[in-house]
Every structure is written in structure tokens, then in C-alpha cells.
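The sequence shown maps to residues -24 to -1, 1 to 219 in mature numbering (1 follows the signal peptide of the UniProt record, and there is no 0).
Glycine included, each C-beta is placed from N, C-alpha and C at the ideal position.
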Amino acid sequence: MKTILYACLLIFFCWISGFGQDFAKVNAPNGPIISRTRVTVRVLDKHTLQPVNATIIVVGQKPGKQIVPAFEDKVYKFKIPPKDTSNITIYADGYETLNESISAGKMNSTEVFYLSRTPGNNLESPKAILSEDITSVLYFNQGQAIMLAKSTMELERIADFLTSHEVLDIELAGHTDSTGDPAENFELSSDRAEMIKEYLTKRQIASSRIKSRAFGSKVPVAPNDSEENRKRNRRVEVRVKVR
């Protein structure tokens, strides 16, 4: 009796296994399902650092594979294969069209693209510009107060903007992932914020305009359950406000 029961169970599990394989083939007729990287894009005016209402088209490596990102919560979101290199094109009225090659594996969780105004698109005063606070995120190497290369470029843009708009103040918030000792993480988050403050003061931005806070790993923007998410938490948030 036991022999018959074991034989029935074996047949059942073999059938389930075959069903699972057929199901995978139906859902992935061209091979295994490819995991995708979620990308968040912000489009800002190069002169005011304010959001721009834009049209974005992303074209992947395969011909005809065109993506129009969804606009959600004032940012654009889309997914691409993690090893894909795509071309992103950004259009907006009154701005020069931007074309750039992007590699999913080298992108931050949030990427910022700056548009230059076309001739005749006049600038507004800083107080008119800032209908809302400007927020940028600068990312860091693991366990260090050293920024990633792309964030260094972002900080340079922020410094240029602050130099030409003296009515604006800056708030810095330092953060880490949850790896390591909480007390050491708090100190590291403080070091990261202070590093940004030191850079700005060297660019002749008065220290009285800069406020700095440290949060350690207490305010993550993503769960610390993967390396990709931990990268998002190693950051300094920069908020620019009218005094």
C-alpha cells in the first residue's frame, strides 16, 4: 500500500513540475523573464532648478522598443533591463531637446536631467521661481563621506545656483544605510552633511545660509534588504528655500 502511495506522489510531483515548466514557457515564450531596474527621473530647469513639464521617450537596444515613462508624484518612472543601454530623449516647450545615452547598471535610483532654455525664454526672479522648495539628493560610497561621481556634478550645479541667488538658504540632511553600528552610522551621516557644507562654504556661500542635520539610518527611503536599496539610503538631501 505504501509503495502505491509513494508512486502516486511521485507521479503527482512530476506532473506539477511539468506544468510549472509549461507555464513558464507560456509566460516567457522567448526565454526566461528578464528582471528590470526601476528608474526615477526628474527634469529640471538648468537655471532655476525647478521641475519642467516634459515629454520623455526611452528607446532600448532592440529596434522598436520604445518606452514613454509614467508621470507620478512629480517624477517620471519607467523600467529597463539592468544590463540595457538605452537612449533617452527629453522634450519641453521653451527648452532645447536633450538626448543622452543611459546605462541602467550605472544609474542612481533617481536621475536628474537639466534642460537649457531656448533663446527668448526669459528668466524669472528667484522669488517667483520658488513656488516650492528645491530638493536634490547626493549619493555616497558605502561607509564613507565620499560622493559618487554623478553626485559631484549635481553638487556643482547646486553651488553655481546658490552663488547667483543669495536670497536662498540651504538645509542639509545626512543619512546612511543600516549596515554597522547605529552610533557610527549617525557620525557618518553627520560627516557626509558636513562635507557638503564645507564644499559650499569654499564656494563662497556663507555658512549662516546653511543648516545641517544628521539622521544616521533612522530615515531610510528604501528597505535595507538589498544592495540596490542600501545605495539609495547612503545620501545627503539638499533643500533650497527662500529666506
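Is it buried or exposed, Thr24, if we count other Cβ atoms within 10 angstroms and call 16 or more buried? Position 48 of the sequence shown, counting from 1, holds the residue named residue 24. When all chains shown are included, Thr24 counts as buried.
Classify Arg208 as helix, strand or coil using the three-state DSSP reduction. Looking up residue 208 in the sequence shown gives position 232. Three-state DSSP puts Arg208 in a helix.
Count the C-beta pairs between the stretch 168 to 181 and the stretch 207 to 215 that are closer than 8 angstroms, then say yes if the count reaches three, no if not. yes
Report back the beta-carbon spacing between Ser79 and Val34 to the nearest angstrom; my notes put them in contact at under 8 angstroms. Residue mapping note: residue 79 aligns to position 103 of the sequence shown, counting from 1. Residue mapping note: residue 34 aligns to position 58 of the sequence shown, counting from 1. That pair is no contact at about 12 angstroms.
Beta-bridge partners of Leu114, as assigned by DSSP: In the sequence shown, counting from the first residue as 1, residue 114 sits at position 138. Paired residues: Val212.
Count the other C-beta atoms from every protein chain shown that fall within 10 angstroms of the C-beta of Ile122, then say buried if there are 16 or more, exposed otherwise. Taking the sequence shown and counting its residues from 1, the one referred to as residue 122 is at position 146. Counting Cβ neighbours within 10 Å, Ile122 comes out exposed, since fewer than 16 surround it.
Note down the Cα distance separating Ile186 from Gln37, rounded to an integer number of angstroms. Along the sequence shown, read from residue 1 onward, the residue named residue 186 stands at position 210. Along the sequence shown, read from residue 1 onward, the residue named residue 37 stands at position 61. One C-alpha to the other measures close to 44 angstroms.
List the residues that DSSP assigns as beta-bridge partners of Arg189. Stepping through the sequence shown from its first residue, residue 189 is reached at position 213. DSSP output for Arg189 lists Ala149 as bridge partner(s).
From the DSSP output, in three-state form, read off Asn161 for me. Counting from one through the sequence shown, the residue named residue 161 turns up at place 185. Three-state DSSP puts Asn161 in a helix.
Ala198 versus Gly70: straight-line alpha-carbon distance, rounded: One-based indexing of the sequence shown puts residue 198 at position 222. One-based indexing of the sequence shown puts residue 70 at position 94. So the alpha carbons of these two residues sit roughly 35 angstroms apart.
Relative to the C-alpha of His141, which residue among Lys59, Glu130, Ala182 and Asp153 is closest? One-based indexing of the sequence shown puts residue 141 at position 165. Checking every option, the nearest Cα to that of His141 belongs to Ala182.
Report yes if the C-beta distance between Ser112 and Ile146 is below 8 angstroms; otherwise report no. Taking the sequence shown and counting its residues from 1, one reaches residue 112 at position 136. Taking the sequence shown and counting its residues from 1, one reaches residue 146 at position 170. Not closer than 8 angstroms, so no.
Which value, in whole angstroms, describes the spacing of the CA atoms of Lys217 and Phe89? In the sequence shown, the residue the question calls residue 217 occupies position 241. In the sequence shown, the residue the question calls residue 89 occupies position 113. Spanning the two alpha carbons is a distance of roughly 21 angstroms.
In this structure, how does DSSP classify Met129 when only helix, strand and coil are distinguished? Translated into positions along the sequence shown, residue 129 becomes position 153. Correct three-state label for Met129: helix.
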